[in-house]
Amino acid sequence: MMTSRTIPPLPEEVGMGDGEEGVVVLQLPVKDPTFDLAKAVCNHGLFMMAPNGWDPATASLRRPLRLSSSSASLSVRVSQPSPPPDHLLVSVYCTTFLSSQDQDAILSQVRRMLRMSDENDRMIREFHTIHAAAKERGFGRIFRSPTLFEDMVKCILLCNCRWPRTLSMAKALCELQLELKCCTISRELYPKTPQLREFKRKRHNTMDVIAKSVDKCQENRSNLAQKAMSFFNHDNHSNKSQRMETSTVGETDSIYDFEGLPIINKLDASSPVRQLSSGILCLPNTQGNFPSPEELANVDVNYLASRCKLGYRSQWIVSLAQDIVEHKIQFSKLEEICNGSTLYSYDELDKELSGIHGFGPFTRANILMCMGFYHKIPSDSETIRHLKQFHSIKNCTVRTARKNLKAIYGKCAPFQFLAYWFEMWTCYEEIFGKMTQMPPSNYQIVTGINMKVSEIKK
Numbered sequence: 004m005m006t007s008r009t010i011p012p013l014p015e016e017v018g019m020g021d022g023e024e025g026v027v028v029l030q031l032p033v034k035d036p037t038f039d040l041a042k043a044v045c046n047h048g049l050f051m052m053a054p055n056g057w058d059p060a061t062a063s064l065r066r067p068l069r070l071s072s073s074s075a076s077l078s079v080r081v082s083q084p085s086p087p088p089d090h091l092l093v094s095v096y097c098t099t100f101l102s103s104q105d106q107d108a109i110l111s112q113v114r115r116m117l118r119m120s121d122e123n124d125r126m127i128r129e130f131h132t133i134h135a136a137a138k139e140r141g142f143g144r145i146f147r148s149p150t151l152f153e154d155m156v157k158c159i160l161l162c163n164c165r166w167p168r169t170l171s172m173a174k175a176l177c178e179l180q181l182e183l184k185c186c187t188i189s190r191e192l193y194p195k196t197p198q199l200r201e202f203k204r205k206r207h208n209t210m211d212v213i214a215k216s217v218d219k220c221q222e223n224r225s226n227l228a229q230k231a232m233s234f235f236n237h238d239n240h241s242n243k244s245q246r247m248e249t250s251t252v253g254e255t256d257s258i259y260d261f262e263g264l265p266i267i268n269k270l271d272a273s274s275p276v277r278q279l280s281s282g283i284l285c286l287p288n289t290q291g292n293f294p295s296p297e298e299l300a301n302v303d304v305n306y307l308a309s310r311c312k313l314g315y316r317s318q319w320i321v322s323l324a325q326d327i328v329e330h331k332i333q334f335s336k337l338e339e340i341c342n343g344s345t346l347y348s349y350d351e352l353d354k355e356l357s358g359i360h361g362f363g364p365f366t367r368a369n370i371l372m373c374m375g376f377y378h379k380i381p382s383d384s385e386t387i388r389h390l391k392q393f394h395s396i397k398n399c400t401v402r403t404a405r406k407n408l409k410a411i412y413g414k415c416a417p418f419q420f421l422a423y424w425f426e427m428w429t430c431y432e433e434i435f436g437k438m439t440q441m442p443p444s445n446y447q448i449v450t451g452i453n454m455k456v457s458e459i460k461k
């Protein structure tokens, strides 16, 4: 049974809550004595994709996570005390209280991201018995998202796309989620988004935006600022979050209301707000979460494609979200099949996923890897590059790659992917440096196109 308790914040936690005093620190038990947070996070490109944020200075992971209601998120920081004890610290910001249900929801998402379970620990120990180099480096946990839906969408973003664009699409989706959450802009986005498109065109010419309602424009600006702060800091969880100094928002300034009506006049340089690319304003340091199925199900496909530069992927993502909301895809069924991670359950899950629009072999293999199956290797151009450069298979092609992979990694069954990815990630770090120390601004360069054969150590 999972146990957790609320403890006073550490001195280092004070002031970390985006300007708010409230922070609740939970303890997450760690059973594996070899567990290393940095190694459990910085081992796959998924950790670089928004809204994940790894801080090299503090060796901690920061991102929003959803509460039990699924409609609200809070910023969370996961850290490992030094020397590593038998628990992680999970700091939840902008609140002074979390219900037991919310605590369970937060910790469950952290455990999923870090693959913290008895079954995962068993699989890592088994893998280490056949791969001494991986054991020596503490490699075996592959970072993933807090939800299967986020994994699915990000696996779509990985397909047929260069890495910098994948990163930008994930970031744009999180910014879209913030816009949706800030304004609940159903009248702007659902459907066809004509108002928002007009809003964006005008924004390029001037910072003066004509409000949709004259009456709304005349609302008291201080009240709007208070509503904004209350919203962002989830006033249902913290009374402190309702306090805000309004003197920095002048009589001619405004933010927006929360009924979908943008109310923006000229910004003063001292205004405690920032402007998103769509023109919507939010409080500084506010971060969007990855959008949920419910948030994406009714977004217009064409708007999503344009706003987040998703191209044809927007149709796949919206269809996926709609099927989940309408219970055509049931995660509980998928997870039930997944239990045990047997070859039979893999084939059954692969068959289920193949019926989802946009889920080709590469995407399905990545999703199933996220679900805990390691015996198949997702093969793409990066795989072929690795086989050519690292294993000197000069005539490797899409058709021959599967045969090559089987010959090289078959001895590591049923952990072929882990052996393959250990090689790939080791090569990346030899060229680009330790990922745990890399600033986020450099993430976009971590791709095979920037690797030279002469620099790769075999």
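Counting in our numbering, the sequence shown runs from 4 upward without gaps.
By construction, the Cβ of each residue, glycine as well, lies at the ideal position given by its N, Cα and C atoms.
#1: Is it buried or exposed for N445, if we count other Cβ within 10 angstroms and need 16 for buried?
#2: For the alpha helix (DSSP H) containing Y306, name the first residue and the last one.
#3: Along the beta strand (DSSP E) that carries R80, what are the first and last residues, could you check?
#4: The alpha helix (DSSP H) with H90 in it runs from where to where?
#5: With a threshold of 16 other CB atoms inside 10 Å of the CB of V26, please say whether the residue is buried or exposed.
#6: To test your reading of the DSSP string, which unbroken alpha helix (DSSP H) runs of 4 or more residues are found completely within the region 27-59?
#7: Three-state secondary structure (DSSP) at P443?
#8: Taking the C-alpha atoms as reference points, what is the distance between C415 and H134?
#9: Can you look up P67 in the DSSP assignment and give me helix, strand or coil?
#10: Could you tell me which whole alpha helix (DSSP H) segments of length 4 or greater appear in the region 372-439?
#11: Considering Cα atoms alone, identify which of C164, G361, V113 is closest to S1.
#12: Go ahead and label E297 buried or exposed: buried means 16 or more other beta carbons lie within 10 angstroms of its beta carbon, across all protein chains shown.
#13: Count the other C-beta atoms from every protein chain shown that fall within 10 angstroms of the C-beta of F235, then say buried if there are 16 or more, exposed otherwise.
#14: Applying the 10 Å Cβ sphere with the 16-neighbour rule, what's the burial state of M454?
#15: Determine, using beta carbons only, whether E153 and G291 come nearer to each other than 7 Å.
#16: Which of the three DSSP states, helix, strand or coil, is assigned to F463?
#17: Confirm, please, whether the CB-CB distance from L70 to V81 is below 7 Å.
#18: Between the region 56-63 and the region 429-447, can you find at least three pairs of beta-carbon atoms closer than 8 Å?
#19: Check the C-beta distance from L68 over to I109 and give it rounded, since I have them as a contact under 8 Å.
#20: Return the Cβ separation of A43 and L92 in integer angstroms, given the expectation that the two are a contact with Cβ distance under 8 Å.
#21: Is the Cβ-Cβ distance between L3 and P294 less than 7 Å?
#22: From L313, N46, L40, D35, pick the residue whose C-alpha is nearest to that of K437; which is it?
#23: For E153, name the three-state secondary structure that DSSP assigns.
#24: To the nearest angstrom, how far is it from the Cα of E351 to the Cα of C97?
#25: Tell me where the alpha helix (DSSP H) around A136 begins and ends.
#26: Decide yes or no for the touch test of the region 98-108 against the region 353-373: beta carbon pairs closer than 8 Å, at least 3 of them.
#27: Are there 16 or more other CB atoms within 10 angstroms of the CB of G413, so buried, or fewer, so exposed?
#28: Between G48, Q30, D326, I332, which has its C-alpha nearest I167's C-alpha?
#29: Is it buried or exposed, K157, if we count other Cβ atoms within 10 angstroms and call 16 or more buried?
#30: DSSP on I320, reduced to helix/strand/coil?
#31: Once you ignore the five residues that flank M374 on each side, which residues in its own chain have a CB closer than 6 Å to its CB?
#32: So, at 6 Å on beta carbons, what are the nonlocal neighbours of Q83 in its own chain, with the 5 sequence-adjacent residues on each side left out?
#33: Rounded to the nearest angstrom, how far is the Cβ of M372 from that of A173, given a contact under 8 Å?
#34: Between the C-alpha atoms of T450 and W428, what's the straight-line distance to the nearest angstrom?
#35: Excluding five sequence neighbours on each side, which residues of the same chain lie with their C-beta closer than 8 Å to the C-beta of C399?
#36: Quick check on this structure: which residue in T37, E122, R165, A136 has the alpha carbon closest to the alpha carbon of P87?
On the basis of the data shown:
#1: As a first step, residue 445 must be located in the sequence shown, where it is residue number 442. Classification for N445: exposed.
#2: Here residue 306 corresponds to residue number 303 of the sequence shown, with the count starting at 1. Here the alpha helix (DSSP H) through Y306 covers 304-311.
#3: Taking the first residue of the sequence shown as position 1, residue 80 is located at position 77. Note, R80: beta strand (DSSP E), 76-82.
#4: Your numbering for residue 90 matches position 87 in the sequence shown. Unbroken run through H90 is the beta strand (DSSP E), 90-96; no alpha helix (DSSP H).
#5: Walking along the sequence shown from the start, residue 26 turns up at place 23. So V26 ends up on the buried side.
#6: 40-44
#7: Taking the sequence shown and counting its residues from 1, one reaches residue 443 at position 440. Note: P443 maps to helix in three-state DSSP.
#8: As a first step, residue 415 is located in the sequence shown; it is residue number 412 there, counting from the start. As a first step, residue 134 is located in the sequence shown; it is residue number 131 there, counting from the start. The straight-line gap from Cα to Cα measures roughly 8 Å.
#9: Residue mapping note: residue 67 aligns to position 64 of the sequence shown, counting from 1. Three-state result, P67: strand.
#10: 384-393, 401-412, 419-435
#11: The structure shown does not extend to residue 1, since the chain is modelled only from 4 to 461, so the question has no answer here.
#12: Position 294 of the sequence shown, counted from the start, is the residue given in the question as residue 297. Flag for E297 reads exposed.
#13: Numbered from its first residue, the sequence shown carries residue 235 at position 232. A caution first: F235 carries a pLDDT of 41, below 50, which makes its placement in the model unreliable, though a value can still be read off. Buried, because 16 or more other Cβ atoms sit within 10 Å of the Cβ of F235.
#14: Taking the sequence shown and counting its residues from 1, the one referred to as residue 454 is at position 451. Buried, because 16 or more other Cβ atoms sit within 10 Å of the Cβ of M454.
#15: On the sequence shown, position 150 is the one that residue 153 refers to. On the sequence shown, position 288 is the one that residue 291 refers to. Against a cut-off of 7 Å, the Cβ pair of G291 and E153 comes out as no contact.
#16: Nothing can be reported for residue 463: it is not among the residues displayed for the chain, which extend from 4 to 461.
#17: Position 78 of the sequence shown, counted from the start, is the residue given in the question as residue 81. Position 67 of the sequence shown, counted from the start, is the residue given in the question as residue 70. No.
#18: yes
#19: Residue numbering aside, residue 68 sits at position 65 when the sequence shown is read from its first letter. Residue numbering aside, residue 109 sits at position 106 when the sequence shown is read from its first letter. The pair is a contact, with the Cβ atoms about 5 Å apart (cut-off 8 Å).
#20: For the purposes of this step, residue 43 is taken as the residue at position 40 of the sequence shown. For the purposes of this step, residue 92 is taken as the residue at position 89 of the sequence shown. Not a contact, Cβ separation roughly 14 Å.
#21: Since the first residue shown for the chain is 4 and the last is 461, residue 3 is missing from the structure and cannot be characterised.
#22: Taking the sequence shown and counting its residues from 1, one reaches residue 437 at position 434. That would be N46, whose Cα lies nearest to the Cα of K437.
#23: Within the sequence shown, the letter at position 150 stands for residue 153. Residue state, collapsed to three classes: helix.
#24: On the sequence shown, position 348 is the one that residue 351 refers to. On the sequence shown, position 94 is the one that residue 97 refers to. Roughly 43 Å between the two C-alpha positions.
#25: Along the sequence shown, read from residue 1 onward, the residue named residue 136 stands at position 133. Taken as a continuous stretch (DSSP letters only), the alpha helix (DSSP H) holding A136 covers 135-140.
#26: no
#27: Walking along the sequence shown from the start, residue 413 turns up at place 410. So G413 counts as exposed.
#28: One-based indexing of the sequence shown puts residue 167 at position 164. Sequence check: residue 167 is Pro here, not Ile. For the residues G48, Q30, D326, I332, the minimum Cα distance to P167 belongs to G48.
#29: Your numbering for residue 157 matches position 154 in the sequence shown. Buried.
#30: Indexing the sequence shown from 1 puts residue 320 at position 317. Three-state DSSP puts I320 in a helix.
#31: If you number the sequence shown from 1, residue 374 lands on position 371. Same-chain partners within the cutoff: C341.
#32: Residue 83 sits at position 80 when you count from the first residue of the sequence shown. Closer than 6 Å at the Cβ level, and outside the excluded window around Q83, lie L40, L91.
#33: Residue mapping note: residue 372 aligns to position 369 of the sequence shown, counting from 1. Residue mapping note: residue 173 aligns to position 170 of the sequence shown, counting from 1. Contact doesn't hold; Cβ gap of about 18 Å is too wide.
#34: The sequence position of residue 450 within the sequence shown is 447, counting from 1. The sequence position of residue 428 within the sequence shown is 425, counting from 1. For T450 and W428, the distance between alpha carbons rounds to 11 Å.
#35: In the sequence shown, the residue the question calls residue 399 occupies position 396. The residues are I387, L390, K391, N407.
#36: For this step, residue 87 is matched to residue 84 along the sequence shown. When each option's Cα is compared against that of P87, the closest is T37.
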